[in-house]
Each structure stands twice: as C-alpha cells, then as structure tokens.
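Visitor: Dumping the structure here so I can ask a few things about it.
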Amino acid sequence: MSFSWAKPYEPKHPAMKWLDQRLPIPRLVYGATGPGYPVPRNLNYFWNFGVLAGVFLTIQIVTGIVLAMHYVSTADGAFNSVNQLIMRDVNAGWLLRYAHMNGASFFFIVVYIHIFRGLYYGSYKPPRELVWMLGLVIYLLMMANAFMGYVLPWGQMSYWGAQVITGFFSAFPLVGEPIRVWLLGGYAPDQAALTRFFSLHYLLPFVIAAVVILHIWALHIPGSGNPTGVDVKDEKDTLPFHPYFTAKDGWFSASFLLIYALVTFYAPNYLGHPDNYIPANPLATPAHIVPEWYFWPFYAILRSFTLDFILPAKLWGVLAMFSSILLLFFLPWLDKSPVRSGTYRPLFKRFFWLMVIDVLILGYVGGAPISAFRTALGQFAAAYYFLHFLVILPLVSKFETTLPLPNSISESVLGERGTMATAG
Amino acid sequence: MATKASAGVTGETGGDGVPSGVRRRDFLNVAAVSFAGVGTVAALAPLIVQMSPSADVLALSTTEVDISKIQPGQGIKTQWRKQPIFIRNLTPKEIAEANAVSLSDLRDPQSLADRTKPGKANWLITLGVCTHLGCVPLGIGEGENKGPYGGYFCPCHGSMYDTAARIRQGPAPKNLEVPEYKFTSPTTVQIGS
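In the order they appear, the protein sequences are chains A and B.
Counting the first sequence from 1 gives a position; my numbering is that position plus 199.
Counting the second sequence from 1 gives a position; my numbering is that position plus 333.
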C-alpha cells in the first residue's frame, strides 16, 4: 500500500506488542496518518483542505448529535424547539446551533476549495479516478443532507425549500408526481416529511463518514498527488505524514477555524436568510425564495431553461442540474492529457480560471432575484459550463503543448541541490 | 463446463438416467438464490410502502367549503390535503375575458368550461400551487397582484395566469390544477373524492 521506504510499525511496549498481534489498530493508524505514511514533500496549502473537510464533518456530527437531544421533530414544535428552546433556553444552545448552522456553510467552503484543487491539479486522473468519484459521492450525500437539515427548523425558507426541491421530481412525466408524494408522505411538506428528513439527516453523516473511509483508503493506494503532478520516485520526494503534515494540518486547521469562529460569533446569520425566522406557512410563499448559497450555481442552471423544446422547460432544467454534477464522474475520460498539474498546462490553466469565473457567475445569478438580464446571463453561463467540460476540456487535452515537467519532486523543490543531495 | 465426463464422475444424471449438463447442485443453487431473492424483495416492501401517505394524511382527502359568502370578484384561500386551494367567484367580465382567448394561443389548451362545472362557470376552483416549482401564486386575496392577465401572479419566477387560472407567460408548464370537487349544495363545495 505504501512506498517501500515507509517506516514499519515496531511496537516497543509489551502491551502494544500484545495488542498488535490481536487487533493491529495502532499499526493501521501509524501506517495511515503516522510516521509510516510517506507524503510528497512539496504539498502546498491547498492540500490541507481534505483534512479540514474531515474536521468539519466531525464538528457537524458532534454538534448535530447534541442538538438532536433538544430538537422536536413535529410540525407544531420544530420551529419553537429551535428558535425558543435551543436558541434561548438550553445552556449554550445558541452556540451549538450557530456552530452547526455555520459549520454546514464552512464544510461546503472547504469542500469546494478541495474540489477545485482537484480540478486544477488533475487529481481525478489515473491512478486516482476512484478517489475522485468517491469524493463526488460524498459531495452528493452532503448536498442531500444539507438540504434535509435546512428543512428541520421549519421556517418559511425550510418549508418552501422542501416544496421546491421535492417539486423537481414532479418534472418527470408520469412517475414524477407519485414519486414526489411518496418522498413527502403527503401532498405537500408536512409532519411525515419533517420526521423522515430528521431521521435521514441523522443517518447520512455516518454514511458520509463510511464513504470518507473508502475515499482515504483509495487515496492511500497511490498516495497523495502533488502540485507538480509528477509521481513520487524515491525517498527524497517524500516526508513522513507525522510529524511533518500533522503539524502543518494542525496549524492550518486552527487558523481556518479562527475564521469559522469569527463568523459564528460575530455574523452568525450572515450566510442565512431572515425569512427562515418566520414559522412555516403553507399558504404564503416568501417573495424571493432561494436556496442556501452553496446551491446557487445549480439553482441558476435549473432556472436557465425557459422554453419548451421537445421536453418541457422544467424537465430540461432538472435534467441539466443533475447532469452538471454527474458529468464530473466522467472527468477522468474527458480530460485525457497525461500531464496532471495545471501548472504545466498553459492553455488548460486559462480555461480553468474561465470555468471558475463561470461558476461564480452562476452562483451570483442563482442567488439574485430574477430579471431579464440575469436570466440571459445565467443561460450563457450554464451553456458555457457544459461547453467547458464536454467540448473545451477534451479538445484542450488533445491539442495542447504542455510545458516540460521537472524530473522529480525533490528537484522541483530543491533545484540542483536536490540532485546533489542524492549523492550525499 | 459441466461435461458428460464430470457428470459421470459425480454420478449426477438427468431424470431419465442420461448424464445431463445441469447438475442437481446447480438447480439447488438457482432455487435457493431465487427463493432468497424473492424473500428479500418481499421484506423490502414494507420499508418502501411506509413512506407513502399514511391513513391520517389520506383522511384529509375531502374538505367541505361554504362558498355562500364569496361575492363576485372575490375569492378565498382554503386548504385541502395541506395544499392551498383557491376558490374564486368570477365576474361576468372575467368570464368573458377567459372565453375571448383562442385555445391555440395557450401553452396548456383548456377552455374555461373545461375547468369549471356545467352551469357554474363563475366558480373557478384550483390548487394554489404554481405548476413550476410549487410556490403559492398571488391574486386570490383582496389587493394582491393579479398579474397582467387578471388571474394569478407567481412571485417566485414570474409565472402569470389568466382569469381561468391558465398559464399565459413565464416558466410554469401547466395551468393551475383543478382538483376533483362537487357541489353538495348550491352554497357548499366538497373538494376531493
């Protein structure tokens, strides 16, 4: 699983030897996140976001479990249990709730940086295709779970979010409406929907944790990629995970958590919607309904279909929205350039940044109220999104002249000194 | 793979005593796996059907509404199966406007007569659920924005409905849905069946 120069685990204490022969958990940890796991020495700060995502998953599970001790999952009681009981009466309830609420947003910030890191440095390329695909599975599970969690406070945005998102299914002809009713357990969001969302919202994080284990397992077969995209060749190219990367990850996580704490304490509602502090009212829709910020680009793609063309516009919107994520599963075969890192791909690099800008535009359009200009802008940006992945990327990878790659990681880091050090 | 030779070695034969390609063990394997498969599917059934609307939800499937107080030009918003229902008493002018539209101009062609009961063309009863993404359109309450076609206007994505609650402009694919209902008396409507 690891490189030949990885330090083997050698228990010193008799108790550890005894344990190692019976249940070698310390050996597993030593080889996965300890001195026994060699990591490319040239990782930049973008490589800290995987560990950080794990930190936020842990924060969400821990705060979520304690919030569930106070939350009441009834249509009559949910809103008050969050806004009265937890926010005012439960000791430190306000902190736990704000930490969980903003933890979700920060989890997405971290995961988006992690995903774009993968896109830039070609982390989806062989031999790491499965690492990438398992990551996408985690992302899809996160989206489902974030949506269900947002429904639980049973405010106006919760309720109408549930109505609109389950409404996606009704776009499918014939089977759509029965599926929607089945998912909701009724004809509109109500008690049945709320309770099952709560049940699944508690379940999915553990499913995510399981897929995270597979994600890390698959990663540890070839080991981490690195900013040059060049394979590890010998021991000079790596450093042991502990203490080098545990220290770096620890330092970086602490710094990032500082930003999270700033938002949680000083602007806890900045990323939310005031309408969700109004109790759910099935008879009145908020004037401007939008999902949470992390769904804005997809919401823009959904809304950018306004004309019926063979299929109804609404169905096109739903199909396009789902495909915008599903197509990422095919990325390893859409971009066949043998050079992984965007640093050595001048043409790819330009289109990468255009794609980032495009996604930001989609996000802006998805979050803003509808206007003729923004609809047109959203349509253009949605079309470009698909164009980028389905046309531009395959063509660029075919015709691009890439820059020369460094001979090794150590040479790229240390220059001539790296080669000299070999002799010594 | 199961050749005559191997069948001969294990002594397995077909029913007529001639060695055959299918061994008794193959049959047992297929039978056991099929049986377990059917059993698993049967065990999944309750896990799936429990998610469908329960009896207490279905028990709300009819609602009686008194419409005697609704004057022409007015409407009320009520609830049926937890969904908003619009009941509107159309004025003769609104009926005339709805009938003046040619069906070929409509995205979801239906006449006002298709959407009301015979002899009750003034009573327009629809779900208050926009067929785009399920928002509640405006226009039923006094002073609400009825949109340019005098019916309903959905604030979410700008779908506009006419006085027969038919989609005229905007992203919604269908007219506002007409639920099943009947007049149980001249002043009472039962929604649902």
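Just so it is clear, CB atoms sit at the ideal spot from N, CA and C, and this is done for glycine as well.
Please read these numbers as outputs of a predicted model, since none were measured by experiment.
Going by beta carbon distance, what residues of the same chain come within less than 7 Å of I555 of chain A, once the five residues before and after it are set aside?
Guide: Checking the displayed sequence, the identity of residue 555 of chain A turns out to be Val instead of Ile. Closer than 7 Å at Cβ, skipping near neighbours: F315.
Visitor: Indicate the three-state DSSP secondary structure (helix, strand or coil) for F598 of chain A in the structure shown.
Guide: In the structure shown, F598 of chain A falls within a helical segment according to DSSP collapsed to helix, strand and coil.
Visitor: Residues in the stretch 402-432 of chain B with C-beta within 8 Å of chain A's C-beta atoms, listed in sequence order?
Guide: K410, Q412, R414, K415, Q416 and P417
Visitor: Does the beta-carbon of W515 of chain A have 16 or more other beta-carbons within 10 angstroms, so that it is buried, or is it exposed?
Guide: buried
Visitor: Can you tell me the Cβ-Cβ gap for R448 of chain B and A497 of chain B, rounded? I've got them flagged as a contact below 8 Å.
Guide: 6 Å
Visitor: To the nearest angstrom, how far is the alpha carbon of K447 of chain A from that of N247 of chain A?
Guide: 8 Å
Visitor: Which residues in the same chain as P467 of chain A place their Cβ atom closer than 8 Å to its Cβ, once the five residues preceding and following it in sequence are excluded?
Guide: Y297, M300 and N301
Visitor: Roughly how many whole angstroms lie between the Cα atoms of L589 of chain A and G525 of chain B?
Guide: 48 Å
Visitor: Between P372 of chain A and A345 of chain A, what straight-line distance do the alpha-carbon atoms span, to the nearest angstrom?
Guide: 27 Å
Visitor: DSSP state of M384 of chain B, grouped into three classes?
Guide: Reduced to three states, the DSSP call for M384 of chain B is coil.
Visitor: Mark I407 of chain A as exposed unless 16 or more other C-beta atoms lie within 10 angstroms of its C-beta, in which case mark it buried.
Guide: buried
Visitor: Is E397 of chain B helix, strand or coil when you go by DSSP?
Guide: strand
Visitor: So, helix, strand or coil for V355 of chain B, using DSSP?
Guide: coil
Visitor: Check the Cβ-Cβ distances between T484 of chain A and every residue of chain B, and say whether any is below 8 Å.
Guide: Yes, T484 of chain A counts as interfacial toward chain B.
Visitor: Using the three-state DSSP reduction, which class does R501 of chain B fall into: helix, strand or coil?
Guide: strand
Visitor: Give me whichever residues DSSP pairs with R226 of chain A in a beta bridge.
Guide: Partner(s): none; R226 of chain A has no beta bridge.
Visitor: Identify every residue that forms a DSSP beta bridge with Y514 of chain B.
Guide: B:I524
Visitor: Under 7 Å between beta-carbons, which chain B residues line up against T601 of chain A? List them in chain order, please.
Guide: Under the 7 Å cutoff, chain B gives no residues; its nearest Cβ is about 44 Å from T601 of chain A.
Visitor: Let me check one thing: in DSSP terms, what residues is M493 of chain B bridge-paired to?
Guide: B:F486 and B:Q502
Visitor: Which residue or residues does DSSP assign as beta-bridge partners of R421 of chain B?
Guide: Looking at the DSSP assignment, R421 of chain B forms a beta bridge with B:G408 and B:L457.
Visitor: Tell me whether the beta-carbon of A581 of chain A lies closer than 8 Å to the beta-carbon of A519 of chain A.
Guide: yes
Visitor: In the DSSP assignment, what are the bridge partners of G237 of chain A?
Guide: Looking at the sequence shown, residue 237 of chain A is not Gly but Pro. Beta-bridge pairing links P237 of chain A to A:P439.
Visitor: Would you mind reading off the limits of the alpha helix (DSSP H) that contains P496 of chain A?
Guide: Where P496 of chain A is concerned, the enclosing alpha helix (DSSP H) stretches over W495 to R502.
Visitor: Within its chain, find whatever has a CB closer than 7 Å to the CB of P490 of chain A; leave out the 5 residues flanking it on each side and keep chain order.
Guide: G360 and Y498
Visitor: Could you tell me whether the Cβ of T505 of chain A comes closer than 8 Å to any Cβ of chain B?
Guide: yes
Visitor: Would you please verify whether the beta carbon of L466 of chain B is less than 8 Å from any beta carbon of chain A?
Guide: yes
Visitor: So for W381 of chain A, helix, strand or coil by DSSP?
Guide: helix
Visitor: Anything in the stretch 385-397 of chain A with a Cβ closer than 9 Å to a Cβ of chain B? List those residues in chain order, please.
Guide: So the close ones are G385, Y386, A387, P388, D389, Q390, A391 and R395.
Visitor: Determine the chain A residues that contact G493 of chain B at a beta-carbon separation under 8 Å, and present them in chain order.
Guide: With the sequence shown as reference, residue 493 of chain B is identified as Met, and Gly is not the correct amino acid for it. Ordered by position in chain A, no residue passes the 8 Å Cβ test against M493 of chain B, which lies about 13 Å from the chain.
Visitor: Taking the beta carbon of E610 of chain A as the centre, do at least 16 other beta carbons fall within 10 Å, making it buried, or is it exposed?
Guide: Under this definition E610 of chain A is a buried residue.
Visitor: Give me the Cβ distance between V511 of chain B and T464 of chain B, rounded to the nearest whole Å; I'm assuming they're in contact under 8 Å.
Guide: Not confirmed; about 12 Å, so no contact.
Visitor: Buried or exposed, going by whether 16 or more other CB atoms sit within 10 Å of the CB of T262 of chain A?
Guide: buried
Visitor: Counting only C-beta atoms, is I477 of chain A closer than 8 Å to chain B at any point?
Guide: no
Visitor: If you count every other CB in all the chains shown that lies within 10 Å of the CB of M268 of chain A, and 16 or more means buried, which is it?
Guide: exposed
Visitor: Do P488 of chain B and C468 of chain B count as a contact pair if the criterion is CB distance below 8 Å?
Guide: At a Cβ-Cβ threshold of 8 Å, C468 of chain B and P488 of chain B count as neighbours.
Visitor: So which residues on chain A does V319 of chain B lean against when the C-beta distance must stay under 9 Å?
Guide: For chain B, the structure presents residues 334 to 526; residue 319 of chain B sits outside this window and is missing.
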